[in-house]
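Take the sequence shown: its letter number 324 is residue 324 in full-length UniProt numbering, and every next letter is one higher. Every residue, glycine too, gets a C-beta built ideally from N, C-alpha and C.
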Amino acid sequence: MFEGYGGPVQMKATDLSGIDPTLDACCQREIEGNRKQNALEATLRRHDRIALAERRRRNVIDSLSFGSGCRCCYDPNLDGGQYFALTELRNKLGEQNQEETDELNQHDDDNDRKLNTSDSDDSDSDDEFDYLLDEDLPVHNEDGGYSEFQSYEQQRMEEIQLMALINESAVQHGFGVHRQFGPERVLHAAGLGMGGIRGNLAAAIPPAAVVHLYDPDSEYGASLDLCLEELGKTYKGTKFLFGTLKGTLALNETLVKQEMPSLNVDECPPALLAVKDGVVKAVCTNLKSLGDERLGKVEPRAVEHWLDNAGVLLRDIPLEYEDYCRIRPEEDALLENMMREKAKLEQMKEMIYTCGVAGCCKTFRHEHIGVNNEVQSGRVLCEEIVTDEGDGVEK
């Protein structure tokens, strides 16, 4: 994971084949030098953590309903919603948790009052060890540089910051979280039907994904979604997704018949899909078998056991940090160039002279002949000069 961060960096291999042997030696050396430079720049771009983090932050969308996410994974107009049964169950559980919290707080207050009335003279004192807190640790050595302790502390701080950056980027790309996707995108987000795309296949096809095709009126399915949310906190290497059943099957009929031929598109009940490396490993169309039908909710241990048998529960992400995002370097460069051009246009708008003519971008003071508006008259000469010259001729 820490390759390129104090560890060995694997250089991208330089392809020296295909060089025309009839070229002069100087031309061949120039081609070889250009290819070696391109390989070095590609390696530096991949392992430059700071530049990569900056590009990732530039691609983050903050206006999503659940927070922030990368634009390579989420559509702010289609993703991030919730259905009626899930919202009702959340509100119901929230009220129950609030009542339990109030009871616990009342119990804690009673215990505190009992402790305050008891004798506190028998408490042990650790004042004799206060002198240890007053000692300063050595920061600099005799040569004026940092001590080994300070260097180790700085290195650990950098590693912690890197891990925080990696975890933040993983969440923004859907790992370890349960998100709603639009019916057209939910199966593709799990890696189904993505084998022929261009770009980074490692980012387009997640190593493990769990998809719940829900019925918006089913409280049983809502309990399953809450269970998957809790599993996401433990299994950080798995993507958890849910989408509407009827819309997903109707808009992806060909893909469903190809990847899941056992499902009946017309009469399919709510289902739970286990997808690994872009292949459906298991399908559960009887969700009631994963819980207690009398209580109307799933059993978390049964759901976890079923997903574990399918091999889609991963505690760690088996991908390099550089492979989280699907946006290619050339797309990043195009976006950066577009942002630069937009900044230039905004700066130019401030410099444009307002002449009252739509579409005019001249930056200097000017007038348009024959155009009469609130800013200019449209005459070649002003009216006073023309009147004076006319009077002189008549005289």
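Residue environment, residue i, which counts as buried when at least 16 other CB atoms sit within 10 Å
{"i": "GLN180", "result": "buried"}
{"i": "GLY378", "result": "exposed"}
{"i": "PRO270", "result": "buried"}
{"i": "GLY359", "result": "exposed"}
{"i": "TYR353", "result": "exposed"}
{"i": "HIS366", "result": "exposed"}
{"i": "TYR74", "result": "buried"}
{"i": "HIS173", "result": "buried"}
{"i": "GLU32", "result": "exposed"}
As assigned by DSSP and simplified to three states, the class of residue i
{"i": "LEU272", "result": "strand"}
{"i": "LYS395", "result": "In this predicted model, LYS395 has a pLDDT of only 38, less than 50, meaning its place in the structure is not dependable; the value taken from the coordinates is given anyway. If DSSP states are grouped into helix, strand and coil, LYS395 belongs with coil."}
{"i": "GLY291", "result": "strand"}
{"i": "TYR353", "result": "coil"}
{"i": "PHE212", "result": "Looking at the sequence shown, residue 212 is not Phe but His. HIS212 falls in the strand class under three-state DSSP."}
{"i": "ILE317", "result": "coil"}
{"i": "ALA282", "result": "strand"}
{"i": "VAL265", "result": "coil"}
{"i": "GLY243", "result": "strand"}
{"i": "LEU249", "result": "helix"}
{"i": "VAL312", "result": "coil"}
Supposed close pair residue i, residue j - CB separation, criterion 8 Å
{"i": "LEU307", "j": "LEU313", "result": "5 Å"}
{"i": "LYS236", "j": "ASP316", "result": "6 Å"}
{"i": "GLY278", "j": "GLY195", "result": "6 Å"}
{"i": "ASP323", "j": "ALA164", "result": "Not quite, the Cβ-Cβ distance comes to about 19 Å (not below 8 Å), so this is no contact."}
Short Cβ contact (9 Å threshold) for residue i with residue j
{"i": "residue 397", "j": "LEU187", "result": "Residue 397 is absent from the model: the chain starts at 1 and stops at 395."}
{"i": "LEU78", "j": "ARG185", "result": "yes"}
{"i": "LYS297", "j": "GLU219", "result": "yes"}
{"i": "LEU273", "j": "ALA190", "result": "yes"}
{"i": "GLY81", "j": "GLY69", "result": "no"}
{"i": "GLY232", "j": "LYS281", "result": "no"}
{"i": "LEU104", "j": "LEU226", "result": "no"}
{"i": "VAL210", "j": "VAL256", "result": "no"}
{"i": "VAL283", "j": "LEU228", "result": "no"}
{"i": "CYS355", "j": "ASN59", "result": "no"}
Distance between residue j and residue i (C-alpha atoms, nearest Å)
{"i": "LEU295", "j": "LEU224", "result": "13 Å"}
{"i": "ILE160", "j": "PHE240", "result": "26 Å"}
{"i": "PHE84", "j": "PRO216", "result": "6 Å"}
{"i": "GLY243", "j": "GLU95", "result": "26 Å"}
{"i": "PRO183", "j": "LEU192", "result": "13 Å"}
{"i": "PRO261", "j": "ALA208", "result": "20 Å"}
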